[in-house]
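Enquirer: Below you'll find the structure I mean.
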Amino acid sequence: MSLRRAAVLLAGAWTATATALTFPQTVEVDVVFPRNETYAPAAVFPVVFAFQNPALVPTLDPGFQLELWQNIAHNNSLALPDIDLGAVNFTNSTGPLYVYTYALNINTTNAGADASTQYNLAWSFSAGNCSASTTDSTEAASFGGGFVFNNVIFTIAKEGGVAPSINTTDADSCKDLSYLAFNLTGTLTVPDPTRQWDGHASCAEFSDTMPTPASGNPCAATADASVAASIMAGATSSACAAATPAISCPSKSAAMGAAVPVSVYTISAWTVLVFAMML
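Set out below in structure tokens:
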């Protein structure tokens, strides 16, 4: 699956003025949805990630690789639009910053006839680090890194499952969220970002002793009801924008008259959430 194709994403949360960073800093990526729960079949099933300390995310040269498997035995995979982190403006972001994709018409196996089916969201996040060149300051820093893997197992059930809900403000819902975190001790300037580090001007230095923290804080990445509603509206709108939608969509005239979330949401006195669609 390509890491750079345009996909559905939610970008936002920045302050009007940037503050100078001091190190060490922790960057964390959390799976906001799905969780290890049982859900009802759904026409649009979101897959949502959140970044904490997002202003430093570009220094990791980040990328996602996602696979959604029907059954843990991996006997059938479902297509997900890619998440293009290269299209996100992380500048001056304070977070959490949400990005998402979705699966369509998720159901139990045997065309929905089975009582329940387990799914495995296998996700990996590419994160790079760098160190200063010891021979020539005009040369690029020494780059390293690779993919870090994680997964979330959930169930789709014909009876007893709840409708997919991105809202994770409840402590019991967020404490077991899947996450990855990175300890940064500083950043270095990339000498030639036009040909290195995918155009990013700086790269992250990881801690030598503990590059990935032993624990994270996924509850800090919870999505409130307005964020959840905007993500679901965006995912549905994207699915319905297809030439031949795979889901039942309202007519264009009905959609024009319907009350839908606008593109800017206030989520605190200091931050705004901007809803962006890459179709």
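Numbering-wise, the sequence shown is residues -18 to -1, 1 to 261 according to mature numbering (1 follows the signal peptide of the UniProt record, and there is no 0). Cβ coordinates follow ideal geometry from the N, Cα and C atoms, glycine included.
Taking the straight line between their C-alpha atoms, what separation do you get for serine 189 and isoleucine 229?
Expert: Taking the sequence shown and counting its residues from 1, the one referred to as residue 189 is at position 207. Taking the sequence shown and counting its residues from 1, the one referred to as residue 229 is at position 247. Their Cα atoms are separated by approximately 46 angstroms.
Enquirer: Ends of the beta strand (DSSP E) at serine 113?
Expert: Numbered from 1 along the sequence shown, position 131 holds the residue referred to as residue 113. Counting along the chain, the beta strand (DSSP E) containing serine 113 begins and ends at 98 to 113.
Enquirer: Go ahead and pull the three-state DSSP assignment for isoleucine 135.
Expert: Position 153 of the sequence shown, counted from the start, is the residue given in the question as residue 135. Looking at isoleucine 135 - three-state DSSP - the assignment turns out to be strand.
Enquirer: Which value, in whole angstroms, describes the spacing of the CA atoms of leucine 62 and proline 146?
Expert: On the sequence shown, residue 62 is found 80 positions in, with the first residue counted as 1. On the sequence shown, residue 146 is found 164 positions in, with the first residue counted as 1. Leucine 62 and proline 146: Cα-Cα distance of roughly 17 angstroms.
Enquirer: According to DSSP, is valine 70 part of a helix, a strand, or is it coil?
Expert: For the purposes of this step, residue 70 is taken as the residue at position 88 of the sequence shown. Residue state, collapsed to three classes: coil.
Enquirer: Could you tell me the distance, in whole angstroms, from the CA atom of phenylalanine 31 to the CA atom of aspartate 66?
Expert: Against the sequence shown, residue 31 aligns to sequence position 49. Against the sequence shown, residue 66 aligns to sequence position 84. Their Cα atoms are separated by approximately 12 angstroms.
Enquirer: Could you tell me which uninterrupted alpha helix (DSSP H) segments, each at least 4 residues in length, are contained entirely in the stretch 145 to 189, listed from first to last along the chain?
Expert: Within the stretch 145 to 189, the complete alpha helix (DSSP H) runs of at least 4 residues are 153 to 156.
Enquirer: Note down the Cα distance separating threonine 253 from glycine 77, rounded to an integer number of angstroms.
Expert: Counting from 1 along the sequence shown, the entry for residue 253 is found at position 271. Counting from 1 along the sequence shown, the entry for residue 77 is found at position 95. Legend: pLDDT at threonine 253 = 28, less than 50; position of this residue unreliable, no value from coordinates given.
Enquirer: Helix, strand or coil: which one does DSSP assign to residue 262?
Expert: Residue 262 is absent from the model: the chain starts at -18 and stops at 261.
Enquirer: Using the beta-carbon count (16 or more within 10 Å), is histidine 56 buried or exposed?
Expert: As a position in the sequence shown, residue 56 is number 74, starting the count at 1. It counts as exposed.
Enquirer: Round the Cβ separation of alanine 85 and leucine 60 to the nearest angstrom and send it over; I've been treating them as touching at under 8 angstroms.
Expert: Counting from 1 along the sequence shown, the entry for residue 85 is found at position 103. Counting from 1 along the sequence shown, the entry for residue 60 is found at position 78. Indeed, because the Cβ distance is near 5 angstroms, the residues count as touching under 8 angstroms.
Enquirer: Taking just the CA atoms, how far does proline 232 sit from methionine 238?
Expert: By 1-based counting over the sequence shown, the position of residue 238 is 256. By 1-based counting over the sequence shown, the position of residue 232 is 250. Annotation note: pLDDT 40 at methionine 238 (below 50); position unreliable, coordinate value reported separately. Distance between the alpha carbons of methionine 238 and proline 232: 10 angstroms.
Enquirer: Would you tell me roughly how many angstroms separate the C-alpha atoms of proline 227 and threonine 4, rounded to the nearest one?
Expert: Taking the sequence shown and counting its residues from 1, one reaches residue 227 at position 245. Taking the sequence shown and counting its residues from 1, one reaches residue 4 at position 22. In a straight line, the C-alpha of proline 227 is about 48 angstroms away from that of threonine 4.
Enquirer: Looking only at its chain, what residues have a beta carbon closer than 7 angstroms to the beta carbon of histidine 182, apart from the 5 residues adjacent to it on each side?
Expert: The residue you call residue 182 lines up with position 200 of the sequence shown. Pro40, Thr41, Asp43, Val172 and Pro175, listed in sequence order.
Enquirer: Please state the DSSP three-state secondary structure of glycine 216.
Expert: Within the sequence shown, residue 216 is the residue found at index 234, counting from 1. DSSP places glycine 216 in helix when its eight states are reduced to three.
Enquirer: So, helix, strand or coil for alanine 25, using DSSP?
Expert: Indexing the sequence shown from 1 puts residue 25 at position 43. Residue state, collapsed to three classes: strand.
Enquirer: What are the partner residues of valine 11, as DSSP defines its beta bridges?
Expert: Your numbering for residue 11 matches position 29 in the sequence shown. Phe33 and Leu162.
Enquirer: To the nearest angstrom, how far is it from the Cα of alanine 186 to the Cα of threonine 167?
Expert: Counting from 1 along the sequence shown, the entry for residue 186 is found at position 204. Counting from 1 along the sequence shown, the entry for residue 167 is found at position 185. Whole-angstrom Cα-Cα distance: 8 angstroms.
Enquirer: Am I right that glycine 126 and glycine 110 are in contact with their C-beta atoms under 8 angstroms? What's the rounded C-beta distance?
Expert: Within the sequence shown, the letter at position 144 stands for residue 126. Within the sequence shown, the letter at position 128 stands for residue 110. Between glycine 110 and glycine 126 the Cβ distance is about 7 angstroms, and since that is below 8 angstroms, they are a contact.
Enquirer: Compare the C-alpha of methionine 192 against each of Asn165, Val9 and Thr20 and name the closest.
Expert: Counting from one through the sequence shown, the residue named residue 192 turns up at place 210. Considering only alpha carbons, the answer is Asn165.
Enquirer: Could you work out which residue in Ile88, Glu49 and Phe15 is closest to valine 209 when comparing CA atoms only?
Expert: Here residue 209 refers to the residue found at position 227 of the sequence shown. Looking at the Cα atoms, Phe15 is the closest of the given residues.
Enquirer: Where phenylalanine 27 and alanine 114 are concerned, what is the direct C-alpha to C-alpha distance, given to the nearest angstrom?
Expert: By one-based count along the sequence shown, residue 27 stands at place 45. By one-based count along the sequence shown, residue 114 stands at place 132. Straight-line Cα distance between these residues: approximately 43 angstroms.
Enquirer: Using a Cβ-Cβ cut-off of 7 angstroms (strictly less than) and excluding sequence neighbours within five positions of isoleucine 213, which residues of its own chain qualify?
Expert: Numbered from its first residue, the sequence shown carries residue 213 at position 231. The residues are Leu(-9), Pro28, Val30, Tyr80, Tyr82 and Ile148.
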